[in-house]
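A quick write-up on the structure given underneath.
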Amino acid sequence: MEGSGWLEVFAGVFDEPTPEVRAVPERARGFRVRVDLMYAKPPIWRRLDLPGDLMLDELHVVLQVARGWQDAHLHKFGVGPDRRTRAYFVTGFDLSEGDDGVVEHSVRLDQVVSDKGDRLFYDYDFGDGWEHVLVVEDVFDDPPTAPVCLTGKMACPPEDCGGLGGYEELAAWVRGGYDPRATPMGLSAAEMRDWLPRGWHPDRFSVAETNDVLAALNTR
Numbered sequence: 001m002e003g004s005g006w007l008e009v010f011a012g013v014f015d016e017p018t019p020e021v022r023a024v025p026e027r028a029r030g031f032r033v034r035v036d037l038m039y040a041k042p043p044i045w046r047r048l049d050l051p052g053d054l055m056l057d058e059l060h061v062v063l064q065v066a067r068g069w070q071d072a073h074l075h076k077f078g079v080g081p082d083r084r085t086r087a088y089f090v091t092g093f094d095l096s097e098g099d100d101g102v103v104e105h106s107v108r109l110d111q112v113v114s115d116k117g118d119r120l121f122y123d124y125d126f127g128d129g130w131e132h133v134l135v136v137e138d139v140f141d142d143p144p145t146a147p148v149c150l151t152g153k154m155a156c157p158p159e160d161c162g163g164l165g166g167y168e169e170l171a172a173w174v175r176g177g178y179d180p181r182a183t184p185m186g187l188s189a190a191e192m193r194d195w196l197p198r199g200w201h202p203d204r205f206s207v208a209e210t211n212d213v214l215a216a217l218n219t220r
């Protein structure tokens, strides 16, 4: 085989899979989804009601609010059960870097999920490696006019805390009463208290505060 032929073979092997995107439904429906931070113990989760015509880049903003994060890192949505073959959508940042593919701001939620049990994956901060799964729990003929959070458990890890290992160490320190003799992350107790988000405790989550922020969003 000539050199160009080998290049074609290898290009096919390393091609990124393309996400499956369904046609836009004739009528938008609503979805109740549970969002879990994968591998977290105890579970860190939110339950949201979402309009089906929500674009994926708008969903990203909603998830940032539901998690209490500041959109300080890169993210990506993916479809497919197997992480090794999962197909990912590209973001505006990806486009600016010269990547191509199916762009998240061109895809609606109801083009990637449609029935109970359908899943969508959301990765945030590729350094800390926060991986989420969104599972459809119910489907409504009458969609909500805007995203709303119904319930949830546990505070999300603070930004840049070092992944699940760092979060678990930090959570244990806070639950233990901020012991100055055993501070995580190599900081003093005072530095840690200043660094932590105001009022952060791993076991606290406020639905009301989350919905106040969601109501103020201009995502539609």
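Position 211, counted from 1, in the sequence shown is what the UniProt record's numbering calls 211; the numbers after and before it change by one each time, with no gaps. Each residue gets a CB set at the ideal place from its N, CA and C atoms; glycine is no exception.
With fewer than three CB-CB distances shorter than 8 angstroms, the region 165-177 does not count as touching the region 75-84. By the neighbour-count definition (other C-beta atoms within 10 Å, threshold 16), Arg204 is an exposed residue.
Runs of alpha helix (DSSP H) with 4 or more residues, each lying fully within the region 176-220, are found at 189-195 and 207-216, listed in chain order. If the five residues before and after Ala28 are omitted, its C-beta is found closer than 7 angstroms to the C-beta atoms of Pro51, Gly52, Asp53, Asp110 and Pro143, all from its own chain and listed in chain order. At a Cβ-Cβ threshold of 8 angstroms, Val102 and Pro19 count as neighbours. Taking C-beta atoms as the reference points, Lys116 and Trp45 fail to come closer than 8 angstroms.
With respect to Arg119, Met55 sits apart: the two C-beta atoms are not nearer than 8 angstroms. At a Cβ-Cβ threshold of 8 angstroms, Pro147 and Leu48 count as neighbours.
Taking Pro180 as the centre and dropping the five residues before and after it, the same chain places the C-beta of Ser188 and Ala189 closer than 8 angstroms to its C-beta, in chain order. By the 16-neighbour rule on beta-carbons within 10 angstroms, Asp123 is buried. With contact defined as three or more Cβ pairs closer than 8 angstroms, the region 61-72 and the region 87-96 are not in contact.
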